[in-house]
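So the structure is just underneath, and the comments pick up after that.
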Amino acid sequence: MVTITFYEKPGCTNNTKQKALLKAAGHTVEAYNLLTQAWTVETLRPFFGDLPLTEWFNYTAPRIKSGEIIPAQLNEETALNLMINDPLLIRRPLLQVGELREVGFDRDKIAAWIGLEAIDTSQQMIRDRLIEEDLQTCPKSNQPHHIPCKVTEG
144 MVTITFYEKP GCTNNTKQKA LLKAAGHTVE AYNLLTQAWT VETLRPFFGD
194 LPLTEWFNYT APRIKSGEII PAQLNEETAL NLMINDPLLI RRPLLQVGEL
244 REVGFDRDKI AAWIGLEAID TSQQMIRDRL IEEDLQTCPK SNQPHHIPCK
294 VTEG
């Protein structure tokens, strides 16, 4: 079991479920507000590793959904500067364990990295329910007349 630094959008349904799954596996989650973090190129870039630039983005962000920002047309410097100035563009969550960093919540990748097995029978039902859910796609993004999730302070 590890301590995970977890950068989230407070109030995000999937971030809440992701944290519950990590806790059911016995991990300690230290959650921080991704939107109010003082990001720099040096602190943000390591989370993306060797992922293609297009996989760094939150495609439910209003500026992407509206077509104002098209990730495939950006270079790395521009992408990072846009994200620093508008953190809603950053794919969530950002995860850090020690010096290792990841973006998004790919269950298989996280299970291989730190483990997602329930720590005991009391956590097994939580784990079993959450492990089958799509914890990456915003559950509200496909609703008619979608209203973006409320940004809460945290």
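Per my numbering, numbering of the sequence shown is gapless, rising by one per residue and ending at 297. Every residue, glycine too, gets a C-beta built ideally from N, C-alpha and C. What you are looking at is a predicted structure, and each value in this text was computed from that prediction instead of being measured.
May I have the straight-line CA-CA distance separating residue i from residue j, to the nearest angstrom?
i	j	result
N201	D263	34 Å
R235	L178	11 Å
G169	R250	15 Å
G210	T221	16 Å
E260	M144	10 Å
Y150	K162	10 Å
Using DSSP with H/G/I as helix, E/B as strand and the rest coil, what is residue i?
i	result
L237	strand
T146	strand
E260	coil
E151	strand
The beta strand (DSSP E) with residue i in it runs from where to where?
i	result
L97	The requested residue 97 does not occur in the structure, where the chain is confined to residues 144 to 297.
N176	171-176
Looking only at its chain, what residues have a beta carbon closer than 6 Å to the beta carbon of residue i, apart from the 5 residues adjacent to it on each side?
i	result
W182	I227
P214	T197, F200
Excluding the 5 residues flanking residue i on each side, which residues of the same chain have their C-beta closer than 8 Å to its C-beta?
i	result
L194	V246
Tell me whether the beta-carbon of residue i lies closer than 9 Å to the beta-carbon of residue j.
i	j	result
E185	T146	no
E219	L196	yes
T156	Q239	no
L232	R206	yes
P230	Q279	no
L223	I212	no
K160	N176	no
Sorted by chain position, which residues of the same chain lie with C-beta nearer than 7 Å to residue i's C-beta, five sequence neighbours on each side aside?
i	result
K166	V172
Compare the C-beta of residue i against all C-beta atoms of chain B and say whether one is closer than 9 Å.
i	result
N228	Going by chain labels, chain B is absent from the structure shown, which holds only one protein chain.
Between which two residues does the alpha helix (DSSP H) holding residue i run?
i	result
I227	219-228
Q367	Given that the chain is displayed from residue 144 to residue 297, the structure contains no residue 367 and the question cannot be resolved.
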